[in-house]
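Working notes for the structure below.
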Amino acid sequence: MKADWSTFWPKVVDATGETVYMVLITLALSTVLGLAVGLALYATRKGGVLPNRLVHAVLGTFINVIRPVPFIIAIVALAPVTRAVVGTMIGTDAAVFPMTIVATFGIARIVESNLLSVEPGVIEAARSMGAGPLRILLTVLVPEALGPLVLGLTFMLVALIDFSAVAGTVGGGGVGNLAMTYGYLRFDTSVMVVTVLVLIALVQSAQFLGDRVSRRILRR
Amino acid sequence: MTAAIELRGVRKEFPGGAVAVDDVSLTVGAGSVFGVVGHSGAGKSTLLRLVNGLEEPTAGSVLLDGQDLAALGERRLRPVRRDIGMIFQQFNLFRSRTVLGNVTYPLRLAGLDRAAARARAEETLDFVGLAGHGKRYPEQLSGGQRQRVGIARALATRPKVLLCDEATSALDPQTTGEVLALLRRVNRELGVTILLITHEMEVVRTLCDRVAVMEDGRVVESGEVYEVFARPAHPTTAAFVRSALHGEPDGPLLERLRARHPGRLVTVPVVDGAAVLDDLSPLLRENGVDFTLVHGGVAEVRGRPLGSVTLALRGGDAAVEAVVRGLAAPAQREAGVR
Chain A
264 MKADWSTFWP KVVDATGETV YMVLITLALS TVLGLAVGLA LYATRKGGVL
314 PNRLVHAVLG TFINVIRPVP FIIAIVALAP VTRAVVGTMI GTDAAVFPMT
364 IVATFGIARI VESNLLSVEP GVIEAARSMG AGPLRILLTV LVPEALGPLV
414 LGLTFMLVAL IDFSAVAGTV GGGGVGNLAM TYGYLRFDTS VMVVTVLVLI
464 ALVQSAQFLG DRVSRRILRR
Chain B
290 MTAAIELRGV RKEFPGGAVA VDDVSLTVGA GSVFGVVGHS GAGKSTLLRL
340 VNGLEEPTAG SVLLDGQDLA ALGERRLRPV RRDIGMIFQQ FNLFRSRTVL
390 GNVTYPLRLA GLDRAAARAR AEETLDFVGL AGHGKRYPEQ LSGGQRQRVG
440 IARALATRPK VLLCDEATSA LDPQTTGEVL ALLRRVNREL GVTILLITHE
490 MEVVRTLCDR VAVMEDGRVV ESGEVYEVFA RPAHPTTAAF VRSALHGEPD
540 GPLLERLRAR HPGRLVTVPV VDGAAVLDDL SPLLRENGVD FTLVHGGVAE
590 VRGRPLGSVT LALRGGDAAV EAVVRGLAAP AQREAGVR
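For the protein sequence lines, the chains are A and B, in the order given.
Heads up: the first sequence begins at 264 in our numbering, then just goes up one per residue.
Heads up: the second sequence begins at 290 in our numbering, then just goes up one per residue.
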């Protein structure tokens, strides 16, 4: 049974809305959490503004354990936790939870590496003015690294669109779910093509937006 | 003169055993300009960072206005640092902030409200000659302008002490001169004590009252700038002095001079207060000796002349000998006999 496009378009629109919702909520949550973890990771490293070997090692190891797990496995593995936290394992809200967990640690590494690229001399200048560690992190390091940080977040945003499609295949809703249930399971090539085009359009817009914002921040 | 900065037997050893600063004692008088000169790796940078507590001494003490920094923890050091400005070779400006944003940063840190910080920042930018540049970003400025922003940012909180870390080493000679002139104004008009480190003796010559020469973490010589320039005791000091005064011919040049000029080559030092050069003219006349000026240079060090001239003397052997002996002031040095 092929899709009847007169009734199918609204489904595409709804699914796109769900995808955008999942991705944006996840991005917002994981940016806040990832920034916190990334700052902690950066600050506690040897020679950092708040060196602490134990905290740094624990955080680093934890991230390295989470990150290599394929996302589809992470969703399944985290399912019991998802149910405990969100109350359900199915639907867009349920998908947001594992997406946020995985994205948080990805963003943490992005934050860490971008902060490391800030020139040490600038930090020294702030220290010489009497700025404390927390103030240096928030008023010097983050603003100085903001341009590349936004590009890093854009990278994560694109990855999240991909994640959301994966989540959709295991009951997460959105464009991925549409592609799975109508395109893949019913061998409907036209649905496949449309869903892929929607995903491409989303990725393009995300990248365009990220480029513009970072360009503005970097003034080039 | 009271001491603004005093270092007593300061030693800094890094983990791994490298000793950057080794038993250094020096006193920087309030309102003076003190230069520390040395090659890279001599420990100057570390020395400077000990003064505002960016580095902690392994032994010895660092006193600021008589207060021992070691007695303060990191937290209590922060307000002290606001009384010590610091500028850097690479300027270290915040690229994410405008010129005004850079200069207001330390003021906001010191607790000024937005309006007061802005007013003070604009006043300071005016002092360094950057009025009207507040809205620009560091990358839109020339190197000299960036260092002026650095100076404005360091002076905004009206510190008593300014630390300069190779502040002119990244600048071209003309810009260097402008920045040095600005630093002189900072010292004279604002009464700010300046401690600077440099590898350029020229900076010491034009700006400093006193100088210390560092090698391998130790101070090998120190004193009033003119005295050190006129009578360097340590070979490293002598080499630095030669880099700023080009008066005295060295080996290969001396060979070329000998090949070019007949007669006996004599180098006569020009030192303020020693009248060697004044004796020369009558001595030559009395002995019937002719001369050619073959090399030399006289510079001004802290408003006093310093340098040397090299002459080729021509005449009878006995007459030339008489002139050389006649010049036998203690400072006179013979360059060689052809």
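Quick reminder that beta carbons are idealized off the backbone N, C-alpha and C, glycines included.
These numbers come from a predicted model, not from an experiment.
Chain B contact for A:Ser391 (CB, 8 Å cutoff): yes
Does any CB atom of chain B fall closer than 8 Å to the CB of A:Leu378? no
Measuring alpha carbon to alpha carbon, tell me which residue in B:Ala360, B:Val299, B:Gly596, B:Leu336 is nearest B:Arg520. Of the candidates B:Ala360, B:Val299, B:Gly596, B:Leu336, B:Gly596 places its Cα closest to the Cα of B:Arg520.
C-alpha gap between A:Val276 and A:Leu462, whole angstroms: Cα to Cα, the separation comes out at about 12 Å.
Just to make sure I have the definition right: I need the residues of chain B whose C-beta is within less than 9 Å of the C-beta of A:Ala394. Which are they? Within 9 Å Cβ-Cβ: Arg367, Arg370, Tyr394, Pro395, Leu398.
What are the boundary residues of the beta strand (DSSP E) that includes A:Gly415? Premise fails: A:Gly415 lies in the alpha helix (DSSP H), 405-430, not in any beta strand (DSSP E).
For a quick check, are the C-beta atoms of B:Ala470 and B:Gln378 less than 8 Å apart? no
Can you pull the DSSP bridge partners for B:Asp357? B:Leu352
Starting from A:Glu407, find everything on chain B with Cβ-Cβ shorter than 7 Å and list it in chain order. Within 7 Å Cβ-Cβ: Phe383, Arg384, Ser385.
Identify the residues that DSSP records as bridge partners of B:His422: which are they? None, per the DSSP bridge assignment.
What beta strand (DSSP E) runs, 3 residues minimum, are completely inside the stretch 384-457 of chain B? 450-454
Keeping to the same chain, check which residues put their C-beta closer than 6 Å to that of B:Leu247; ignore five residues upstream and five downstream. Outside the displayed span of chain B (290 to 627) sits residue 247 of chain B, for which this structure offers no information.
Between A:Gly216 and chain B, is the shortest Cβ-Cβ distance under 8 Å, so that the two count as touching? Residue 216 of chain A lies beyond the stretch modelled for chain A, which goes from 264 to 483, so this question has no answer here.
Where the alpha helix (DSSP H) containing B:Pro594 begins and where it ends: Element bounds for B:Pro594: not the alpha helix (DSSP H) but the beta strand (DSSP E), 593-603.
Nearest-angstrom Cα separation, counted from B:Gly604 out to B:Leu554: 12 Å
B:Leu582 burial status per 10 Å Cβ neighbour count (16 or more: buried): exposed
Report yes if the CB atom of B:Arg407 is closer than 8 Å to the CB atom of B:Thr393, and no otherwise. yes
Proximal residues to A:Ala408 (C-beta, below 6 Å), its chain only, five neighbours per side dropped: Asn377, Leu378, Val381
Should the stretch 313-325 of chain B be regarded as contacting the stretch 484-501 of chain B, the criterion being three or more beta carbon pairs within less than 8 Å? yes
C-alpha gap between A:Val359 and B:Ala404, whole angstroms: Taking the CA atoms as reference points, A:Val359 sits about 44 Å from B:Ala404.
Can you find a CB in chain A that lies within less than 8 Å of the CB of B:Leu343? yes
So if I threshold CB-CB distances at 8 Å, which residues from the stretch 522-545 of chain B count as touching chain A? none
Report the neighbours of B:Gln379 on chain A: residues whose CB is nearer than 7 Å to its CB, in chain order. Going along chain A in sequence order, the residues near B:Gln379 (Cβ under 7 Å) are Gly384.
In the DSSP assignment, what are the bridge partners of B:Thr464? Paired residues: none, contrary to the question.
What is the DSSP secondary structure of B:Arg529, counted as helix, strand or coil? The sequence shown places Phe at residue 529 of chain B, not Arg. Helix.
The beta strand (DSSP E) that contains A:Ala303, what's its start and end? Counting along the chain, A:Ala303 falls outside any beta strand (DSSP E), though it belongs to the alpha helix (DSSP H) covering 268-307.
Would you identify the three-state DSSP class for A:His319, choosing helix, strand or coil? helix
Could you check which residue in A:Leu414, A:Ala388, A:Thr444 has the C-alpha nearest to that of A:Arg479? Considering only alpha carbons, the answer is A:Leu414.
Just the Cα atoms here: how many angstroms apart are A:Ala306 and B:Gly355? 34 Å
Since B:Glu513 is in the beta strand (DSSP E), which residue starts that stretch and which ends it? 507-513
With respect to 7 Å, is the separation between the Cβ of B:Val555 and the closest non-hydrogen atom of the ligand HEM below this value? As for the ligand HEM, it is missing from this structure, which has no ligand bound.
How about A:Ser391 and B:Asn391: are their beta carbons less than 8 Å apart? no
Taking all protein chains shown into account, decide if A:Leu448 is buried (16 or more other Cβ within 10 angstroms of its Cβ) or exposed. exposed
Residues in the same chain with beta-carbon distance under 7 Å from A:Tyr284, minus the five sequence neighbours each way, listed in chain order, please. Thr355
Which value, in whole angstroms, describes the spacing of the CA atoms of B:Leu366 and A:Leu341? 47 Å
Say whether the stretch 535-543 of chain B touches the stretch 584-593 of chain B, bearing in mind that this needs 3 or more beta-carbon pairs closer than 8 Å, one atom from each stretch. yes
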